[in-house]
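Read the structure below first, then the notes.
Numbering (the UniProt record's numbering), first residue to last: 1 to 257.
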């Protein structure tokens, strides 16, 4: 059930909750996360699926079962790793943010378009419902114009700063919380980022919670648990882009790189 309608009685933001990097090798960790989310009554939840791994019949069956239980599937790149770097910006991004997962940054616009289309087609080939959301690995869309995304099969695209409705071209800024902190330094940096975005979310009324498979084993695990207990009004991604964004001067209009 979409709980967004309950927000009228509370000033806490609506949350869009996603579990990233759903791959054959991460399914045990994803199952553990889903058990936690169910225990905390977090629903709906979107699962970001990486199609290019070694998906066997049992793993595909797991995706069917999750979809039947009401989890929304989304596309999340193809391999979720890079074989080579696409220039100095990609190398800097990898060092500071994404390490070796931002595969879009190694491609030109045509290559990104091909990857996105291939990702979307994979779901139908497996007999799964077609996803509406695409999230590039590390939220790095790369060298493709936002206007070009209207020609691709997904309905909406997630950037680090918010959500794009491909058909309308409207972009909704939404603050993000993350927890993938495998070193004390990254924990401090992400903790600061999260504090800023919790504050921003109170003003905007929306918040994204992005969870990675190993987050319960990392430095911000307790912060993740606290946030799941605190934010109680959850919504699906479509509810955000189906409404007309507020014209408050905060809408992001810059072109993609």
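Cβ atoms here follow ideal geometry from the backbone N, Cα and C, with glycine treated the same way.
Notebook entry, point to check: Counting only runs that start and end within the stretch 27–69, where is the beta strand (DSSP E) found for 3 or more residues in a row?
Noted result: 45–49
Item checked: C-alpha gap between residue 199 and residue 49, whole angstroms -> For residue 199 and residue 49, the distance between alpha carbons rounds to 30 Å.
Next item on the list: Express the C-alpha separation of residue 231 and residue 204 in angstroms, rounding to a whole number.
Entry: 14 Å
Next item on the list: Check the DSSP bridge columns for residue 163 and list the partner residues they point to.
Entry: 158 and 172
Check: Terminal residues of the continuous alpha helix (DSSP H) containing residue 196?
Finding: 184–204
Check: When the Cα atoms are used, what is the spatial distance from residue 157 to residue 163?
Finding: 6 Å
Note to self: For residue 44, count the other beta carbons within 10 Å of its own beta carbon; 16 or more makes it buried, fewer makes it exposed. Which is it?
What the structure shows: buried
Next item on the list: Evaluate the contact criterion for the stretch 177–195 versus the stretch 147–157: three or more CB pairs, one atom per stretch, below 8 Å.
Entry: no
Next item on the list: Can you tell me which of the three DSSP states residue 224 falls into?
Entry: Secondary structure of residue 224 (DSSP, three-state): helix.
Checklist line | Range of the contiguous beta strand (DSSP E) that encloses residue 17 | finding: 14–22
Check: Cβ of residue 77 within 8 Å of Cβ of residue 24?
Finding: No.
Next item on the list: With distances taken Cα to Cα, identify the nearest neighbour of residue 32 among 234, 233, 215 and 235.
Entry: 215
Margin query: Just verifying my parser: in three-state terms, what is the DSSP assignment at residue 102?
Written below: coil
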